[in-house]
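Protein chains in written order, with UniProt numbering: chain A, 1 to 337; chain B, 1 to 337; chain C, 1 to 337; chain D, 1 to 337.
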């Protein structure tokens, strides 16, 4: 069986990584790439990596043309733009994995508060499946629309959620100090992400105001059943890709490092993409892969978890294909190992 | 007046930065550079930056030869090695700024516990002046020996100490999540600091075990009068230089971001090298300078301070010259602006 | 059919990349990894990327143990070390792809001159097949031993050889100005490849003395039938991987840029891994792939070719698997696209 | 004596480096910074490095306001924009160091050909002094307007000009293969200079079409008296700053490496900023300095020169202050060592 796949908004870094994975997928034929521009650029002029690999032009297509060419669409559009077109895509019968933030939150009020506008498709967002299979696999297989998780929430949630659910840490006073490569800032020219601005520099941004904060709290609360509050501090690292999250939590009950590691090992023993390790992870060791490496430490009066992912793979495009595989009943690891 | 200055252990990065500053210092003549090697390498063969700038050979000298050539010595030796030779240097009448860790702690037992051996000069370490002028200026001017602060403790202490002393934050539950460039790891070949190992990677190290932890706690406790406990997590950033410290503390009393910033502004208003700022600092903006940039944020139930220094300048060699200037009665900013 | 494969000298970067490719190869089972150390380290302690991916220990094995476990061996040993063990491996009946320099040159005197010692297996080196399939495919399929090309010679030879063979450029006065990422320098700790030495720096090395020079001249001469002389200048670029080679040649006959591009297009039209392009290539666009991207320009009185490869893939481990596929009659692109 | 100095176009990287040097200059008071924007940004909002160091706003000023506040102006405007305002500045009696390309060439036709438009101040450009003191010091001291050299032409000209003038190399067949850090591309947001596009990549650009080519040929020809032709190939290196130029020339007469080095040593023996060295230079060893490091090699049938500069210092702002010092009779090295 071959699924005809399209990518909406195919000019950026997540689309690039998605294409790299999809051209290797035995059950996929990439049949559509879209862009707002009218001049039908060849994919190799946007992504030179695909010279003589993929012979497609980016089209300024809407739901109608996509429906004629695709069975499934990956959405790589900015938030708001995504939710304004996805309803049509769904009505046309296509399946959708949305990499934007539009369908991740399940509370329209929280969305309005953090994204500064009412949600254009509020009813649907309340019930959309959140595509983090290791925590919320149920429902993904049957879903027509899956909200692909944010990069930061993925690494943080995978390391803290089991500890919280099993009562090892308290739901309050959680701190997530996170560090991301520059590709996470996207491909739109901005002075702040010019090479000479980022290189040889390290800085924090969006302290206390980053839109991933409510998404992280939602994940931890829904999975654990405890209302979690998280302080989230993102930082920019002078590298292309990778996110390392150092999380600090207050112990709920006394447990040794060994017991905490054991719980994580047990939780993820059958997960192909979560690797619990006793040594300290590094982003380089998961770069280009769909793995999330996690360890945990007990220091003084805190539990510390450290997790690493490739922000463009497990934090975006790899996770999207993982969801796609579940939605179509393919082996979950297809094209991802 | 000209001070004849020597550097013990002149082959590394702190010595390199020290030399760059000292050759610009109007009251300094660099008269001695030492190394363990016997072959008298020219400084330009160790530090090519000094080709046609400085014409000196590195000598395998001890206290006796140093005494014949120098009035003051900067110690850039590893810990233990430093304390084993400094007593002779002092007995010979020279002044010393020691950049090693040997005289920073004032409790021999804490030293033994963290450095795995008894201190070779325990009595002296109890009373040695800690050279962080902004917090402990008193005594530096009269000292024959000054212990130069560690790179991490400098940025962390400058941001937290005033808040703790003035009762704005609690002394317990402090978290210091720090990120440093690779030059902090020194110039000795190790696989872990090879370019292809560090580049495009971000990782934590020494979690809960780094030797700067007791030094940070000592600084905060001595300055504030409250026994502070700190969880210190260092990380390695793929860049040459710079440390950014993100610190999380529990408020002791209710205060707005504005009040907290105001306290820091007031504390450091006459300090030439501490720049309190309302925007978020970046390591690039202090690179190559002796500045420490600091800001503070109030997020949920925490106070967050963020500080940046150049680990080799304000975190080592710049601070050393700042102490040197105080010890000789020169303007504190000489050769540092 | 499954081939049992071993890697001799499995601790470095070429072995790491080789393993990444081989674990994806449907006809390969990795059965042996060797090292000089005696303590049988687990592969994940040497290459953390393989945590929970590959469960093997590195063994201090010789030809005998390898013969019991492998059908084919990839040699990732230093030169000289390689030629001292490969004869036994071959006598034991295994096939070998040697990534060292030992069997690339076909003239023992040239080897002695450039490598400072007589070749331990001189007779064999005279006739060993040079594994650059795009220029010398003949013989690889039948070979028991294949000499895998050097990283620099690969990109240079693929861009210049067709122009020289077809009489478009002169065999004398060729200049190859090449730039390589730091991984090419290997994983052995040296001060020169420490992060703070390489980062934010660019330099030339081995000017007129690099051992790849005679290999380049041999390739061009053998393929074209003209005795070529090449000036080769390698440079170190602050990045992990990638080689860009800018080559300057004197036109032999008048030809337009279009004609030169046409010749290259025609030469490589059926080659899966050489991509002739009219725009300027960048190392990033071939990073992690087995592609060699090439373009050509006519400027004033010179022909300029520019080629890019990933030094660890097409310049080493990818080419090795390409040769392996030919030696076993597998599709040449298996595990490489 | 204090000179009141202004910078036209103060938002970019050359202006930033210029300011860092000028605030250290004992005879300079910075009295004006200009920008096209109308909102009078504070310098520290454009260049955070100057927080609490310099208290000036960027003004949208023309010649009239500059004349009221400045004795001398440094022009950091784009080409064409620069020549359209400089005549007024000069008429108002101010001295000018122009860092744009507008007054470097002395042939209006060559300018039109390479810059695609007629020169707005053609007569003046014919006779403007070219501010490369080591080759053309004469006239700088008396000049009201000095054209500051381009970054690439500086390193190339300093290494080749003496060899050409003294008949050691031929004026034809010269190849300059140059590598520059990304800061040379300026601070205007473009996709091509985003961090994720440049990092971990190396590429050539402007092959045979870069506007510095005629400037290089003019320098070599004017200085040597021989009409030189140069093939110039610039490349982009993933680092902030530094240019390394590898130049290949055909020997005119037989000379050893030692003789060639000797000539360069002799030529520059009294120059404070040119360092001839026998080892291979690296950009890191001149970063942040006004030095140009040069060496020369004899390989086969070519002479190879390798030179390094900091593109923003000796390649721009440092050279500008060097010219300024000469124009005002200050010691040439003031604020530059």
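Using N, Cα and C, we set each Cβ at its ideal position, and we do this for glycine too. From a predicted model like this one, the values you see are computed outputs, not experimental measurements.
For the putative contact between residue i and residue j, defined by C-beta atoms under 8 Å, what is the C-beta separation to the nearest angstrom?
i, j, result
"residue 191 of chain A", "residue 189 of chain D", "5 Å"
"residue 58 of chain B", "residue 35 of chain B", "4 Å"
"residue 200 of chain D", "residue 143 of chain C", "That pair is no contact at about 35 Å."
"residue 296 of chain B", "residue 260 of chain B", "5 Å"
"residue 196 of chain A", "residue 240 of chain D", "5 Å"
With a threshold of 16 other CB atoms inside 10 Å of the CB of residue i, please say whether the residue is buried or exposed.
i, result
"residue 121 of chain A", "buried"
"residue 307 of chain A", "buried"
"residue 38 of chain D", "exposed"
"residue 238 of chain B", "buried"
"residue 293 of chain B", "buried"
"residue 55 of chain A", "exposed"
"residue 336 of chain C", "buried"
"residue 14 of chain C", "buried"
"residue 83 of chain B", "buried"
"residue 278 of chain C", "exposed"
"residue 269 of chain A", "exposed"
"residue 217 of chain D", "buried"
Got a sec: is the Cβ-Cβ distance from residue i to anything in chain D below 8 Å?
i, result
"residue 240 of chain C", "yes"
"residue 300 of chain C", "yes"
"residue 40 of chain B", "no"
"residue 285 of chain B", "yes"
"residue 48 of chain B", "yes"
"residue 338 of chain C", "Residue 338 of chain C is absent from the model: chain C starts at 1 and stops at 337."
Under a CB-based cut-off of 8 Å, is residue i close to chain A?
i, result
"residue 311 of chain D", "no"
"residue 173 of chain B", "yes"
"residue 297 of chain C", "no"
"residue 205 of chain D", "no"
"residue 233 of chain B", "yes"
Is there a Cβ of chain B sitting closer than 8 Å to that of residue i, yes or no?
i, result
"residue 200 of chain A", "yes"
"residue 51 of chain D", "yes"
"residue 288 of chain D", "yes"
"residue 367 of chain D", "Nothing about residue 367 of chain D can be read from this structure; chain D reaches only from 1 to 337."
"residue 222 of chain C", "no"
"residue 304 of chain A", "yes"
Could you tell me which residues DSSP pairs with residue i in its beta bridges?
i, result
"residue 297 of chain C", "C:304"
"residue 309 of chain C", "C:243"
"residue 327 of chain D", "Bridge partners of residue 327 of chain D: none, in fact."
"residue 179 of chain B", "B:235, B:244"
"residue 146 of chain C", "C:97, C:129"
"residue 34 of chain C", "C:8, C:59"
Counting contacts by CB-CB distance shorter than 8 Å, is residue i in contact with chain C?
i, result
"residue 36 of chain B", "no"
"residue 237 of chain D", "yes"
> Touching or not, the stretch 162-172 of chain D and the stretch 176-185 of chain A, by the rule of three or more beta carbon pairs under 8 Å?
Replying inline: no
>> Check whether the stretch 134-154 of chain B and the stretch 311-329 of chain B are in contact - that is, three or more C-beta pairs closer than 8 Å.
In response: yes
>> Whether or not the stretch 262-277 of chain D and the stretch 125-138 of chain D are in contact is what I'm after, with contact meaning three or more pairs of Cβ atoms, one per stretch, closer than 8 Å; do they touch?
In response: yes
>> Any contact between the stretch 3-18 of chain D and the stretch 59-75 of chain D? By contact I mean 3 or more CB pairs, one from each, below 8 Å.
In response: yes
> If you pair each beta-carbon of the stretch 192-204 of chain B with each one of the stretch 228-237 of chain B, do three or more pairs fall below 8 Å?
Replying inline: yes
>> Closer than 8 Å is the cut-off here; do at least three beta carbon pairs connect the stretch 88-98 of chain A with the stretch 111-118 of chain A?
In response: no
> Using 8 Å as the Cβ pair cut-off and three pairs as the minimum, do the stretch 25-41 of chain C and the stretch 319-335 of chain C touch?
Replying inline: yes
> Between the stretch 238-258 of chain B and the stretch 297-307 of chain B, are three or more C-beta pairs nearer than 8 Å?
Replying inline: yes
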